[in-house]
Amino acid sequence: MDFQIKILTENDRTIIEKFFEKASDYAILESGFSNPQLETESFINDLPPAKKLTDKFNHGIFDKNNNLVGVIDLIKDFPTKGEFMLGLLEFVPAVRHQGLGKAVHKILIEKVRDLGAKSLRIGVLEVNNSAIKFWKSLGYIKFKEIEQDFGNKKQKIAVMRLKL
């Protein structure tokens, strides 16, 4: 699949919101409901403690027709210097299971290495078996499990790391 990765900003709010409408199945799995406006706000602005917006990289994955088909949320040097947190790598259902995730991940690895990353970390919903399998196939290793509340749901999260 031909694709292009571009930076997303506050000015892209409308297309990001439409993306989250199309990819609502993940939000429903996570929290039991979908709210594209809230998900867009979170994607654009949510940060861990002590991080600034300059530490956050939001990218869109666009198909050959310039449709937003995926999003990347990346936090630099979190929780420690040299480790980057991949907060989100999500695709619309129509493009999943076609190798796009692996192709995007390969480019992402190059980008974070250039920014000084020594490892990538991700939290994956334990109930999302296909995502766990995907991240393991890329070499990520679970090193701890946490519980987190999303809406009315309490979820177990597999925290996984890939050393670069």
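Residue 48 in numbering that gives the first Met the number 0 sits at position 49 of the sequence shown; the count goes up by one each step and never skips. Ideal placement from N, C-alpha and C gives every residue a C-beta, glycine not left out.
Cα-Cα separation between residue i and residue j, rounded to whole angstroms
{"i": "Thr91", "j": "Leu28", "result": "The identity of residue 91 in the sequence shown is Val, whereas the question assumes Thr. If I take the Cα positions, the gap works out to 14 Å."}
{"i": "Asn64", "j": "Val111", "result": "27 Å"}
{"i": "Lys141", "j": "His104", "result": "18 Å"}
Sub-8 Å separation of residue i and residue j beta-carbons
{"i": "Val126", "j": "Ala157", "result": "no"}
{"i": "Gly31", "j": "Lys152", "result": "yes"}
Endpoints, the beta strand (DSSP E) within which residue i is located
{"i": "Val158", "result": "152–162"}
{"i": "Leu88", "result": "82–90"}
{"i": "Lys55", "result": "55–62"}
Bounding residues of the alpha helix (DSSP H) (the contiguous stretch that carries residue i)
{"i": "Glu238", "result": "Residue 238 lies beyond the stretch modelled for the chain, which goes from 0 to 163, so this question has no answer here."}
{"i": "Phe142", "result": "That residue, Phe142, is in no alpha helix (DSSP H); its beta strand (DSSP E) goes 140–149."}
{"i": "Leu67", "result": "Counting along the chain, Leu67 falls outside any alpha helix (DSSP H), though it belongs to the beta strand (DSSP E) covering 67–74."}
{"i": "Ala130", "result": "128–136"}
Reduced DSSP category for residue i - H, G, I as helix; E, B as strand; rest coil
{"i": "Gly120", "result": "It is worth fixing the name first, because residue 120 is Arg in this sequence and not Gly. Three-state result, Arg120: strand."}
{"i": "Ala49", "result": "coil"}
{"i": "Ser33", "result": "coil"}
{"i": "Ala22", "result": "coil"}
Bridge partners - residue i, DSSP secondary structure assignment
{"i": "Pro2", "result": "Correcting the residue type first, residue 2 is Phe in the shown sequence and not Pro. According to DSSP, Phe2 bridges with Asp62."}
beta-carbon residue i near the ligand GDP non-hydrogen atom, thresh 7 Å
{"i": "Gly98", "result": "This structure simply doesn't include the ligand GDP, nor any ligand for that matter."}
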